[in-house]
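Engineer:
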Amino acid sequence: MRKILVLVKREYRTAVRTKSFIIGLLLAPVFMGGSLIVFAIMEDKVDTSDKEIAVIDHSGVIADFLVGVADERNTNEIFNKETGDKIKPAYHLTVLDTDLNNPTDQLIDLSGKVRRRELHAFIEIGPDILHPGENQEMSRIKYYGENSLMDDVREWFSWPINNRIRQLRVEELNIEDEAVQDLFSWINVEGLGLISVDRKTGSVQEARHIGVAETIIVPYIIVFLMFMMLMMSAIPLLTAVMEEKMNKIAEVLLGSVTPFQFMMGKVLGGIAVSLTAASVYIIAGIVTATQLDVGHLIPYHVLPWFFAYLILNIIMVGSGMAALGSACNDNKDAQSLQFPAMLPMILPLFVMMPVIKEPLGSFATGLSLFPPFTPMLMLIRQSTPVTIPMWQPIVGLIGVAVFTAFTLWAGGRIFRTCILMQGQKPRLGNLIKYAIRG
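If you want my numbering, it's the 1-based position in the sequence shown plus 12.
1. Under a Cβ-count criterion, where at least 16 other Cβ atoms within 10 Å of its own Cβ denotes burial, should Arg-428 be classed as buried or exposed?
2. Can you check whether the CB of Ala-334 is closer than 9 Å to the CB of Asn-442?
3. Return the chain-ordered list of same chain residues with a C-beta closer than 8 Å to the C-beta of Ser-61, the five sequence neighbours on each side being excluded.
4. Helix, strand or coil, according to DSSP, for Glu-188 in the structure here?
5. Considering just the uninterrupted stretch of the beta strand (DSSP E) at Tyr-156, what are its terminal residues?
6. So for Ala-102, helix, strand or coil by DSSP?
7. Measure the C-alpha to C-alpha separation of Leu-432 and Glu-255 and round it to an integer number of angstroms.
8. With burial defined as no fewer than 16 other Cβ atoms inside 10 Å of the residue's Cβ, what is the status of Thr-386: buried or exposed?
9. What are the partner residues of Lys-63, as DSSP defines its beta bridges?
10. May I ask you to list the residues that DSSP assigns as paired with Ala-133?
11. Quick one: is Ala-296 buried, meaning 16 or more other Cβ sit within 10 Å of its Cβ, or exposed?
12. Using only alpha-carbon positions, find the residue among Met-244, Ala-320, Asn-343 that is nearest to Gly-411.
13. Excluding five sequence neighbours on each side, which residues of the same chain lie with their C-beta closer than 8 Å to the C-beta of Phe-453?
14. Just the Cα atoms here: how many angstroms apart are Met-244 and Gln-350?
15. Are there any heavy atoms of the ligand GTP lying less than 8 Å away from the beta-carbon of Met-13, as far as the coordinates show?
16. Can you tell which of Pro-401, Gly-378, Ser-268 has its C-alpha closest to the C-alpha of Lys-15?
17. Using three-state DSSP, classify Val-235 as helix, strand or coil.
18. Count Cβ pairs between the region 414-421 and the region 317-332 that sit closer than 8 Å; are there 3 or more?
19. So Pro-438 packs on Asp-345, CB below 8 Å; how close in whole Å?
20. What does the Cβ neighbour count give for Pro-115, buried or exposed, with the cut at 16 atoms within 10 Å?
21. Between the C-alpha atoms of Leu-142 and Pro-366, what's the straight-line distance to the nearest angstrom?
22. Measuring only the C-alpha atoms, how far is Ile-137 from Gly-203?
23. Using a 10 Å radius around the Cβ and a threshold of 16 neighbouring Cβ atoms, would you call Gln-118 buried or exposed?
24. Taking all protein chains shown into account, decide if Glu-167 is buried (16 or more other Cβ within 10 angstroms of its Cβ) or exposed.
25. Going by alpha carbons, who is nearest to Glu-158 out of Asn-86, Leu-122, Ser-286?
26. May I ask which residues mark the beginning and end of the alpha helix (DSSP H) holding Asn-343?
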């Protein structure tokens, strides 16, 4: 045990005393949250160039209204009232007569104008838009553009068109204005948590609003913190062991320690590094959240589970990476093995949203009890506002512990066999044989 601790101390000091560790500690959250930061900065940075849009109205009752609404928008909304700066693009609508003889040629000509940047887009309104019949083609509203799905102009058209259709239908039915307001009054359904009773005072705790932050953002932060720690401590073990093998350092160390002690020293050193980094991030996060008055969003009950899963996950992944590194003879071998070995870490990231949406569903429950996925997916489920049955995290933790012990045992046998082996390619069949036979 003393020799293992010496190796752990060596690995830890080697890691944390480097400039790369400090830089990585500072930059990792920036890279992970960079998209959110850029989104927040660029949210108000919109293209303010004017948009020319052609309108073909086969119904004859919508186009003039659209022109009026667009002119009103251009007058009241596109300039900042305080600074006078232009903050939105103007929409200039041109109403075209329908070419009854060659309607297809008209659409082709307009498409060409869009490609030549003479128009931003054009919209075609069906003749039966006011009272759709069985022929749905006659009541369609078609917006043509090069990027129509993400186009703000297309989204803007939805409100004035549907508002005008409602107005015309109400006029036909001779309904009074007061009744119209009640008819189209829209009431949102508020998302609230559950009512609870304070155990100390017995007072009723009112249900509070459940926002995007605690439903989505908090689970994302926790699982990405886990991913960052693995990338910082467990994944580099593959190349670190391979380099020490190539540079004959392993041969020198194995003169004083056993292969298993050598491997455990590296894995436990990685745990020490990750616990240091995780503690820094969590303490900084708690302080920042408290200063921003959002400390109530932190799931403190999840933190002990986070550290337990983090330690087991690093042992599980780290022992596997160290074993694979011992089987590699050059960088090409390491690159061919690294991605398949990382799949158990990457795959949970692809199913995060379904798990967050239905944390009690059979899909989320089943995957979170699969040991390689448990550390990430169980933490996601526990970080949501939903109450997870207590037996599931316990069973998941036991499953991870058993699987980690198996990975450590198999990885140790591979490491012992391959660390001094030279010139043999790391084939899957051979690695399985080494794990079974030792």
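All C-beta atoms in this analysis are idealised placements derived from N, C-alpha and C, irrespective of residue type, glycine included.
As the structure is a computational prediction, the values presented were derived from the model and not from experiment.
Structural biologist: In terms of the structure at hand:
1. Arg-428 comes out buried.
2. No, Cβ-Cβ distance for Asn-442 and Ala-334 is not below 9 Å.
3. Pro-101.
4. Correct three-state label for Glu-188: coil.
5. First-last of the beta strand (DSSP E) with Tyr-156: 153-156.
6. The three-state secondary structure of Ala-102, taken from DSSP, is coil.
7. Separation of Leu-432 and Glu-255 (C-alpha to C-alpha, rounded to the nearest whole angstrom) is 12 Å.
8. Buried: at least 16 other Cβ atoms inside 10 Å.
9. Checking the DSSP bridge columns, you'll see Lys-63 partnered with Tyr-103.
10. DSSP lists Ile-65 as partners of Ala-133.
11. Its Cβ having fewer than 16 others within 10 Å, Ala-296 is exposed.
12. Closest by alpha carbon: Ala-320.
13. This structure cannot speak to residue 453, because the chain is shown only from 13 to 450.
14. Between Met-244 and Gln-350, the alpha-carbon positions lie close to 14 Å from each other.
15. By its list of ligands, the structure shown contains no ligand whatsoever, and the ligand GTP lies outside what it can speak to.
16. Nearest to Lys-15 by alpha-carbon distance, out of Pro-401, Gly-378, Ser-268, is Ser-268.
17. Residue state, collapsed to three classes: helix.
18. Taking a contact to require three or more Cβ pairs closer than 8 Å, the region 414-421 and the region 317-332 qualify as touching.
19. In this structure Pro-438 touches Asp-345 by the C-beta definition: roughly 6 Å separates them, less than 8 Å.
20. With fewer than 16 other beta carbons inside 10 angstroms of its own, Pro-115 counts as exposed.
21. Between the alpha carbons of Leu-142 and Pro-366 lies a distance of about 39 Å.
22. The alpha-carbon atoms of Ile-137 and Gly-203 are separated by roughly 37 Å.
23. Buried, since its Cβ has 16 or more Cβ neighbours within 10 Å.
24. That one is exposed.
25. Check the Cα spacing between Glu-158 and each of Asn-86, Leu-122, Ser-286: the tightest is with Leu-122.
26. Element bounds for Asn-343: 343-362.
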